[in-house]
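A.B. asks: If you scroll down you'll find the structure; I have some questions about it.
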Amino acid sequence: PGSMVEEGDWLATLAPDEGHRLVAFFPSAQAAGRLAPGQPARISSPSFPSMVHGQSIAHVRRVAGESHEGRLRAELEILDEPPAFPLSPGLPLVVEVETDRLSPLHLLLRAAGTRFAAGTERDTAARR
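For the record, in the sequence shown the residue sitting at position 22 is 14 according to the working numbering, with numbers rising by one throughout.
As structure tokens, then:
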């Protein structure tokens, strides 16, 4: 699931040297230990709805070793840019990095395990 940001928060910068690269900042609490070089990513923009204009395809090139001000820096390389979705500096972007790939069964088991663990914690707290 995504994370909430405040309006006006600076999240990414498009760097146009050596092809298109993107520097994105992710909340450290959700991204630390989950982002890694080589992971696939999709880039879209609220200014160019993806159902009409498509999405750019990218992959993570580098991830910072430590966070700064609660954000983890990642550099992405843009691999495919649809002609109908022109990336340009200053364009607001949405970056989705695939950190896990699970089957529907694994998702169901994960959800059941979370509910079971939460129920166990409530039972333990009620007994105290």
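Ideal placement from N, C-alpha and C gives every residue a C-beta, glycine not left out. Since this is a predicted model, take the numbers as computed values, not measurements.
Quick one: Cα of Arg93 to Cα of Ala21, how far?
C.D. replies: Here residue 93 refers to the residue found at position 101 when the sequence shown is read from its first residue. Here residue 21 refers to the residue found at position 29 when the sequence shown is read from its first residue. Those two C-alpha atoms are separated by around 20 Å.
A.B. asks: Could you give the first and the last residue of the continuous beta strand (DSSP E) run that contains Ser48?
C.D. replies: Here the question's residue 48 lines up with position 56 in the sequence shown. Ser48 -> beta strand (DSSP E) spans 48 to 55.
A.B. asks: What does a CB cutoff of less than 7 Å around Phe40 pick up in its chain, not counting 5 residues either side in sequence?
C.D. replies: Residue numbering aside, residue 40 sits at position 48 when the sequence shown is read from its first letter. Excluding sequence neighbours, Phe40 sits near Phe77.
A.B. asks: At the level of alpha carbons, what is the spacing between His98 and Leu68?
C.D. replies: Translated into the one-based positions of the sequence shown, residue 98 becomes position 106. Translated into the one-based positions of the sequence shown, residue 68 becomes position 76. Looking at the two C-alpha atoms, the distance is approximately 28 Å.
A.B. asks: What are the boundary residues of the beta strand (DSSP E) that includes Ala16?
C.D. replies: To locate residue 16, count along the sequence shown from 1; it is residue 24. Unbroken beta strand (DSSP E) run through Ala16: 13 to 19.
A.B. asks: With DSSP as the reference, identify every bridge partner of Glu69, one or two as the case may be.
C.D. replies: On the sequence shown, position 77 is the one that residue 69 refers to. Glu69 is bridged to Arg13, His51.
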